[in-house]
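Novice: Chains A and B are the protein sequences, given in the same order.
With my numbering applied, the first sequence corresponds to residues 1 to 145, in that order.
With my numbering applied, the second sequence corresponds to residues 146 to 290, in that order.
Ideal Cβ positions, reconstructed from N, Cα and C, are used throughout, including at glycine.
2 protein chains.
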Amino acid sequence: MQRNILRQVEHRLRDRGLRLTDARRAVVERLGDADGPRSAAELSADLDGEVPLSSLYRSLSVLEEAGVLAPHHGVRGLTRYELAEWLVGHHHHLVCTHCGLVEDVPIPTDLEARLDTLIGAVAGAAGFSPSDHALEIEGRCERCR
Amino acid sequence: MQRNILRQVEHRLRDRGLRLTDARRAVVERLGDADGPRSAAELSADLDGEVPLSSLYRSLSVLEEAGVLAPHHGVRGLTRYELAEWLVGHHHHLVCTHCGLVEDVPIPTDLEARLDTLIGAVAGAAGFSPSDHALEIEGRCERCR
DNA sequence: TCGAAAATGAGAATCATTCTTGATCCAGCG
DNA sequence: CGCTGGATCAAGAATGATTCTCATTTTCGA
Chain A
1 MQRNILRQVE HRLRDRGLRL TDARRAVVER LGDADGPRSA AELSADLDGE
51 VPLSSLYRSL SVLEEAGVLA PHHGVRGLTR YELAEWLVGH HHHLVCTHCG
101 LVEDVPIPTD LEARLDTLIG AVAGAAGFSP SDHALEIEGR CERCR
Chain B
146 MQRNILRQVE HRLRDRGLRL TDARRAVVER LGDADGPRSA AELSADLDGE
196 VPLSSLYRSL SVLEEAGVLA PHHGVRGLTR YELAEWLVGH HHHLVCTHCG
246 LVEDVPIPTD LEARLDTLIG AVAGAAGFSP SDHALEIEGR CERCR
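(1) With H, G and I counted as helix, E and B as strand and the rest as coil, what does DSSP make of residue 83 of chain A?
(2) Using a Cβ-Cβ cut-off of less than 7 Å, give me the residues of the stretch 262 to 280 of chain B that come near chain A, in sequence order.
(3) What does residue 252 of chain B touch in chain A if you count any residue whose Cβ is under 8 Å from its own?
(4) Residue 36 of chain A and residue 88 of chain A - do their beta-carbons sit closer together than 9 Å?
(5) Do residue 92 of chain A and residue 141 of chain A have their beta-carbon atoms positioned less than 9 Å apart in this structure?
(6) Identify, in the order they occur along the chain, each residue of the same chain with its Cβ nearer than 7 Å to the Cβ of residue 275 of chain B, setting aside the five sequence neighbours on each side.
(7) Since I believe residue 12 of chain A is in contact with residue 51 of chain A (beta carbons under 8 Å), could you give me their beta-carbon distance rounded to a whole number of angstroms?
(8) What three-state label does DSSP hand residue 42 of chain A in the structure shown?
(9) Among B:273, B:175 and B:235, which has the Cα closest to the Cα of residue 190 of chain B?
(10) Report buried or exposed for residue 294 of chain B, applying the criterion of at least 16 other Cβ atoms within 10 angstroms of its Cβ.
(11) Any C-beta of chain B within less than 9 Å: which residues of the stretch 49 to 71 of chain A qualify?
(12) For the stretch 148 to 175 of chain B, list every residue whose C-beta sits within 7 Å of some C-beta in chain A, in sequence order.
(13) Under 9 Å between C-beta atoms, does residue 88 of chain A make it to chain B?
(14) Give the secondary structure of residue 11 of chain A by DSSP, where H, G and I count as helix, E and B as strand, and everything else as coil.
(15) Using three-state DSSP, classify residue 247 of chain B as helix, strand or coil.
(16) Look at the alpha carbon of residue 48 of chain A and the alpha carbon of residue 27 of chain A, and state the distance between them as a whole number of angstroms.
(17) Just the chain A side, please: which residues come within less than 8 Å of residue 94 of chain B by C-beta, in chain order?
(18) In the structure shown, what three-state DSSP assignment does residue 266 of chain B receive?
(19) Nearest-angstrom Cα distance between residue 206 of chain B and residue 216 of chain B?
(20) Under a CB-based cut-off of 9 Å, is residue 38 of chain A close to chain B?
(21) Which stretch, first to last residue, makes up the alpha helix (DSSP H) that contains residue 140 of chain A?
(22) In angstroms, rounded to a whole number, what distance separates the CA positions of residue 5 of chain A and residue 198 of chain B?
(23) Which class does residue 211 of chain B belong to by DSSP, given the choice of helix, strand or coil?
(24) Is it buried or exposed for residue 16 of chain A, if we count other Cβ within 10 angstroms and need 16 for buried?
(25) Are the Cβ atoms of residue 139 of chain A and residue 100 of chain A separated by less than 9 Å?
(26) Looking at the structure shown, is residue 240 of chain B part of a helix, part of a strand, or coil, going by DSSP?
(27) On the DSSP letters alone, give me the boundaries of the alpha helix (DSSP H) that residue 31 of chain A sits inside.
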């Protein structure tokens, strides 16, 4: 992952009187290397239990609160997190209906622009003020094909 | 809701050796009248506790298994269900980031067509076989504006 | 009408997540 | 240098949604 990200995160936390501690840095690093959202349990395994689960959850919610992480709610009450879009850019998700894998995928800017226009129209008509959107493409991944 | 739906559901269940019992009918009726996905707890309240929670959960998973309901995973480990698209047509969701309300919204067919094309291209490039997609528009609803 | 399969209800059990409590760390200050 | 308060941490209890168990009941077809 780009070391740049850690600097941005540290700065953002500092702005809010928070610190970039070891646990938080570890979480950001793992998510920066991942190719999709990760759950607390997955991160804990990645970290080989170096961070107690309770602390890990707390780190995740602090980072979410600070806008560093974005939550992603998937199957069976599992919440997975990923780095917020201001850190890694706008993207969408491919979700494998068979194995549950979630993978990031970028979308060409021209389509994204059209999507934005459409969303504005649809939401406005319903009295909604759209602030963001998420497109999930479901299907079978390469391995589960 | 259209009575038609109940007939289709009954037929589909029958095909799989399942019955359209009182509890299942009640669930389908409530969801048919709702303007968005509903959780087990919300349905239980709607039904004034006529159906025990354990039975309600079972009904929901049987109906999901049979392809009658589609699950929708929202914040805080809440799973909400709605009638599957073959019963009520393709649509997307407006999600209020403030109060959590989820509302159905139809999308003009021309945009939907463009979306499909795009999705095919993006997914194909990543080795995915897309079978479905979900677009969630986040923002503030009329009341939380 | 009988028997097998399907369905039910009540409560216990599970699992991810959150809360509570008390200890620890650290930057800035005197 | 040592104190002080906010920030952080660890450990376990608590919570809340969901699933499981099991004994009982209902339903459908032969």
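Specialist: Checking against the coordinates, here is how it stands:
(1) Strand at residue 83 of chain A.
(2) Correct list: 263, 264, 267, 268, 271, 272, 273, 274, 275, 276, 277, 278, 279 and 280.
(3) Those within 8 Å of residue 252 of chain B in chain A are 118 and 122.
(4) No, the pair does not count as a contact, with Cβ atoms beyond the cut-off.
(5) Not a contact, by the Cβ cut-off of 9 Å.
(6) Around residue 275 of chain B: 264, 265 and 268.
(7) Not confirmed; about 21 Å, so no contact.
(8) Under the three-state reduction of DSSP, residue 42 of chain A is assigned to helix.
(9) Checking every option, the nearest Cα to that of residue 190 of chain B belongs to B:175.
(10) Examination of residue 294 of chain B is not possible in this model, given that chain B is present from 146 through 290 alone.
(11) Considering only beta carbons, the part of the stretch 49 to 71 of chain A lying closer than 9 Å to chain B consists of 71, in chain order.
(12) When CB distances to chain A are screened at a threshold of 7 Å, not a single residue of the stretch 148 to 175 of chain B falls below it.
(13) No - not a single Cβ of chain B is within 9 Å of the one on residue 88 of chain A.
(14) Secondary structure of residue 11 of chain A (DSSP, three-state): helix.
(15) Residue 247 of chain B falls in the strand class under three-state DSSP.
(16) So the two alpha carbons sit approximately 12 Å from each other.
(17) No statement about residue 94 of chain B is possible, as the shown extent of chain B runs from 146 to 290 and does not include it.
(18) Here residue 266 of chain B sits in helix by DSSP.
(19) Cα-Cα distance, rounded: 9 Å.
(20) Residue 38 of chain A does not count as touching chain B.
(21) It is not in any alpha helix (DSSP H) - residue 140 of chain A instead sits in the beta strand (DSSP E) that spans 129 to 140.
(22) So the alpha carbons of these two residues sit roughly 46 Å apart.
(23) Coil, per DSSP.
(24) Classification of residue 16 of chain A: exposed, given that the 10 Å Cβ count is below 16.
(25) No. Outside cutoff.
(26) Here residue 240 of chain B sits in strand by DSSP.
(27) It spans 22 to 33 - the alpha helix (DSSP H) in which residue 31 of chain A sits, taken as one unbroken run.
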